[in-house]
Amino acid sequence: MSKQPITPRDQDYSRWYLDVIAHADLVDSSPVRGCMVLKPHGYAVWEAIKDDLDARFKATGHVNAYFPLFIPQSFLSKEAEHVEGFAKECAVVTHHRLKATPDGVIPDPAAQLEEPLVVRPTSETIIWHMYGRWISSWRDLPLLINQWANVVRWEMRTRPFLRTAEFLWQEGHTAHATRTEAEEEAQRMLQVYRDFCWETLAVPVRTGVKTASERFAGAVDTYTIEGLMQNGWALQCGTSHFLGQNFARAFDVTFQNSDGDLEHVWATSWGVSTRLVGALIMTHSDDAGLVLPPRVAPIQIVIVPIYRADKRDMVMDFVGKVRGLLGRRFRVHVDDRDNMKPGAKYFEWERKGVPLRLEIGPRDVENSAVFSKLRTQDGKFGLDVDDGLADKVAEVLDGMQQALLDAAVARRDAATFEVDSYDALKAGLESQPGFYLVPWKDDADNEAAIKADCKATIRCYPLQGQDAAAGRTCFYSGEPATHMALFARAY
1 MSKQPITPRD QDYSRWYLDV IAHADLVDSS PVRGCMVLKP HGYAVWEAIK DDLDARFKAT
61 GHVNAYFPLF IPQSFLSKEA EHVEGFAKEC AVVTHHRLKA TPDGVIPDPA AQLEEPLVVR
121 PTSETIIWHM YGRWISSWRD LPLLINQWAN VVRWEMRTRP FLRTAEFLWQ EGHTAHATRT
181 EAEEEAQRML QVYRDFCWET LAVPVRTGVK TASERFAGAV DTYTIEGLMQ NGWALQCGTS
241 HFLGQNFARA FDVTFQNSDG DLEHVWATSW GVSTRLVGAL IMTHSDDAGL VLPPRVAPIQ
301 IVIVPIYRAD KRDMVMDFVG KVRGLLGRRF RVHVDDRDNM KPGAKYFEWE RKGVPLRLEI
361 GPRDVENSAV FSKLRTQDGK FGLDVDDGLA DKVAEVLDGM QQALLDAAVA RRDAATFEVD
421 SYDALKAGLE SQPGFYLVPW KDDADNEAAI KADCKATIRC YPLQGQDAAA GRTCFYSGEP
481 ATHMALFARA Y
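Number 68 in the working numbering belongs to position 68 of the sequence shown; there are no gaps in the numbering.
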């Protein structure tokens, strides 16, 4: 953990973000540029996200599988938009062994692959190749598969969790007999993501559909969840894609329908990544360090024993009792390190974002109570160990979870503005960054011009409230509006 002070958010938000990560001991730099080492506490946050989402996926009928890391280069050429979208980000394997030389190892010229292999940037192509083997009849549909994996996208400018050359994620890939079923699936999974962010991460994302220029390469429609960070910048937190029949045609994936006719299947894909950890950090953390909502915190409660040597056994016996009462319902850690003073432990766990700290000393043992401190509140309070301790702790943690969501909603709403002119958008982005809702005529050239001029992009066309565009003029072109668009500067 870093021992340097955390830069205040209002002084340098980017530096603050990196400082919070360092003080929480979430990642370390790696010898490979743009890649991060997830340290135990950082990986534990990802595991908590993974466990919650995995249960939600399985509850909607999906099963997990795993597909290869390496993809034949020719596969990416089969879907034109897809290869164009990812070509600049792909890492390529050309040899299958190294050769020792006096100057070190080099790729062995005799071991060049017959066909180069792409390190997966996403798995649509390899999965649709396999689906072509597995699907033959309407009885094989729907096929609902998810995988937890790593992907590589060769980013030039990286930032921990938000944009790295390699990252962890999940990607769902489904095949359906009808367009309606596939469209419903894409929107269903968007709602799963939305509910997870609101309920578990306490991140109040907005849902919408991407413009043509922002949609996933090879998709017909891309749905998105967009969060607003404390500095007023947006973060795309996850996407769900209706792929139409594009990949089914490219890989000739057909099925015999109930009438005996051959049809191409309809497809979706959807994914979230370790970027969600970045969303957590930037939504809830403060100038004292990381703040984790209780439902996603790897350690929900840390118990810090306080004693002199002659009182150690008495205190630790009572700590064991408290841990037994709480451990069946909560993720509890006892910090019994003898080489660190209690104050230093408090400081460490606060910076790591643990929601609730319980302090237990000889006097607490005598009173059969614990002294408690919430990460998000000043002051301490007592809890009676013999009077429904677990229920009271649950009430305290639920209250913290709700308070974090309420505060994030309030910040988002206070930084959401509706304007009718481009000048108002430009001025607003400088003085009050946030979400800007505007009437808009869909036009890719104008969209690109705005991005070049003021670095704002259309985050989405919100799924709710599109009727408001009727009869209005575009805030940029002055022509009849086709949509209500949500603009922001974004990571």
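Yeah, the Cβ is synthetic: ideal placement off N, Cα and C, and Gly gets one too.
Close beta carbons around residue i, own chain, < 6 angstroms, minus the five adjacent residues each side
i      : result
Ser368 : Val385 and Asp386
Val203 : Cys197, Gly227, Ala279 and Thr283
Ala452 : none
Trp270 : Gly172, Met189 and Ser240
His82  : Ala217 and Gly218
Val304 : Asp335, Pro342, Lys345 and Glu359
First and last residue of the uninterrupted alpha helix (DSSP H) at residue i
i      : result
Phe318 : Arg312 to Leu326
Lys99  : Taken as a continuous stretch (DSSP letters only), Lys99 belongs to no alpha helix (DSSP H), being part of the beta strand (DSSP E) at Leu98 to Thr101.
Glu283 : Going by the sequence as given, residue 283 is Thr instead of Glu. Thr283 -> alpha helix (DSSP H) spans Arg275 to His284.
Arg411 : Leu389 to Ala414
Ala22  : Tyr13 to His23
Met156 : Where Met156 is concerned, there is no enclosing alpha helix (DSSP H), given that its DSSP letter is neither H nor E.
Trp134 : Glu124 to Trp134
Ala175 : From DSSP, Ala175 is part of no alpha helix (DSSP H) but of the beta strand (DSSP E) over Glu166 to His176.
His82  : Ala80 to Phe86
Pro40  : Pro40 to Ala59
Glu492 : The chain is shown from 1 up to 491; residue 492 falls before or after that span and cannot be answered.
Val365 : Pro362 to Asn367
Beta strand (DSSP E) segment containing residue i, residue limits
i      : result
Arg249 : Not the beta strand (DSSP E): Arg249 falls in the alpha helix (DSSP H), residues Asn246 to Ala250.
Phe196 : From DSSP, Phe196 is part of no beta strand (DSSP E) but of the alpha helix (DSSP H) over Arg179 to Phe196.
Trp233 : No beta strand (DSSP E) holds Trp233; DSSP gives it neither H nor E.
Pro72  : Phe70 to Pro72
Glu430 : Not the beta strand (DSSP E): Glu430 falls in the alpha helix (DSSP H), residues Tyr422 to Ser431.
Phe216 : It is not in any beta strand (DSSP E) - Phe216 carries neither H nor E in the DSSP assignment.
Gly208 : Arg206 to Val209
Val92  : Ala91 to His95
Ile303 : Ile301 to Pro305
Pro116 : Gln112 to Val119
Inter-residue Cα distance where the pair is residue i and residue j
i      : j      : result
Val365 : Asp317 : 9 angstroms
Ile225 : Thr239 : 6 angstroms
Ser431 : Pro293 : 30 angstroms
Asp335 : Ile6   : 24 angstroms
Met484 : Phe381 : 48 angstroms
Val370 : Arg363 : 9 angstroms
Val492 : Arg329 : Here the chain comprises residues numbered 1 to 491, so residue 492 is not present and cannot be evaluated.
Lys345 : Leu389 : 23 angstroms
His62  : Arg139 : 16 angstroms
Leu437 : Gln300 : 37 angstroms
Trp266 : Glu199 : 31 angstroms
Val354 : Val302 : 7 angstroms
Lys311 : Leu374 : 26 angstroms
Val209 : Leu463 : 7 angstroms
Ser77  : Asn231 : 40 angstroms
Gln256 : Ser137 : 5 angstroms
Ala419 : Thr211 : Note that residue 419 is Val in the sequence shown, not Ala. Near 20 angstroms, if we compare the C-alpha coordinates of Thr211 and Val419.
Val409 : Lys341 : 38 angstroms
Pro107 : Glu89  : 22 angstroms
Val332 : Asp28  : 25 angstroms
Gly399 : Ile71  : 47 angstroms
Thr178 : Tyr223 : 19 angstroms
Ile306 : Leu383 : 17 angstroms
Leu404 : Leu425 : 29 angstroms
Cys237 : Gln4   : 30 angstroms
Asp286 : Ala468 : 37 angstroms
Pro102 : Glu84  : 40 angstroms
Sequence-distant residues of its chain with Cβ nearer than 7 angstroms to residue i (five each side left out)
i      : result
Trp46  : Leu38, Leu168, Thr274 and Val277
Thr164 : Gly34, Cys35, Met36, Glu155 and Thr158
Ile127 : Phe67 and His173
Phe242 : Ala182, Glu183, Ala186, Ala219, Val220, Asp221 and Thr268
Expected contact under 8 angstroms - CB spacing of residue i and residue j to nearest Å
i      : j      : result
Glu115 : Gln73  : 6 angstroms
Gly121 : Phe86  : This sequence places Pro at residue 121; Gly is not what is there. Confirmed, Cβ separation roughly 5 angstroms.
Leu486 : Ile458 : 7 angstroms
Arg489 : Pro433 : 6 angstroms
Ala234 : Phe475 : Not quite, the Cβ-Cβ distance comes to about 18 angstroms (not below 8 angstroms), so this is no contact.
Identity of the residues DSSP links to residue i by a beta bridge
i      : result
Cys474 : Answer is none; Cys474 lacks a bridge partner.
Thr457 : Ala488
Gly104 : Thr101
Asn146 : Asn64 and Gly172
Leu463 : Partner(s): none; Leu463 has no beta bridge.
Asp384 : Ala369
Ser29  : Met36
Trp496 : One cannot answer for residue 496 here, as it falls past the ends of the chain, which runs 1 to 491.
8 angstroms Cβ shell around residue i - same chain, five flanking residues per side excluded
i      : result
Glu479 : Lys441 and Thr473
Leu113 : Val93, Thr94, His95 and His96
Ser213 : Ala444, Glu447 and Ala448
Ala288 : Ile6, Glu350 and Arg351
Chain D contact for residue i (CB, 8 angstroms cutoff)
i      : result
Pro107 : No chain D is part of this structure, which consists of one protein chain only.
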